[in-house]
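Enquirer: I am attaching a structure below and will ask some questions about it afterwards.
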Amino acid sequence: MVRVEKSVIIKKPVKEVFAYSQDLDNYPKWAGMSIQRLEGPDNVVGSRFLSVHKFLGKEMKMTMEITAFKENEIWAAKSIEGPVQLEGTMTYRKVPEGTKITMVGEGETKGFFQLAEGVVASSMEKSYEESLNRLKSILEGS
């Protein structure tokens, strides 16, 4: 089992951070992955999308299903197909400096990824940190 949690504070209102980060067209800009809509409208529980990104030098495709969505508060999804059984959650909280966004990823690895679970965890940590820092940089204009 792998669990990674990373947070960042962005000096922008929750509404702005949430709107930008949950626009699927913006994911390649800050999260380093491409998204293809499969079923249902964006950001509705039960909707599905395909995420494609490089992980440990391999292209990884996962069909994801949105499991929680409350505007300006939470977005969560789980993989229903792919090499890793992953559940990801993003929470948004108003803080005096702006918005605290927290990404949590939990998953069970299989196949190649199970053999390198420690490397998977460390790679996920790096990926989450880089993604959140890109998001912060984009939204704060730095």
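The sequence shown: position 45 = 68 (the numbering used here), numbered continuously. Ideal Cβ positions, reconstructed from N, Cα and C, are used throughout, including at glycine. All figures in this text were calculated on a predicted structure; none of them were measured in a lab.
1) Three Cβ pairs or more, each shorter than 8 Å: is that satisfied between the segment 156 to 163 and the segment 31 to 39?
2) If you measure between the beta carbons of T122 and V37, is that distance less than 7 Å?
3) Pick out whichever of A100, F92, S146 and G141 has its Cα sitting closest to the Cα of S74.
4) From the DSSP output, which residues share a beta bridge with I32?
5) Are the CB atoms of S44 and L155 nearer to each other than 7 Å?
Expert: Taking the geometry as given:
1) yes
2) Locating residue 122 in the sequence shown gives position 99, counting from the first residue. Locating residue 37 in the sequence shown gives position 14, counting from the first residue. Yes, the Cβ-Cβ distance between T122 and V37 is below 7 Å.
3) Position 51 of the sequence shown holds residue 74. Comparing Cα-Cα distances from S74 to each of A100, F92, S146 and G141, the minimum goes to A100.
4) Working through the sequence shown from its first residue, we reach residue 32 at position 9. Per DSSP, K123.
5) Counting from one through the sequence shown, the residue named residue 44 turns up at place 21. Counting from one through the sequence shown, the residue named residue 155 turns up at place 132. Against a cut-off of 7 Å, the Cβ pair of L155 and S44 comes out as no contact.
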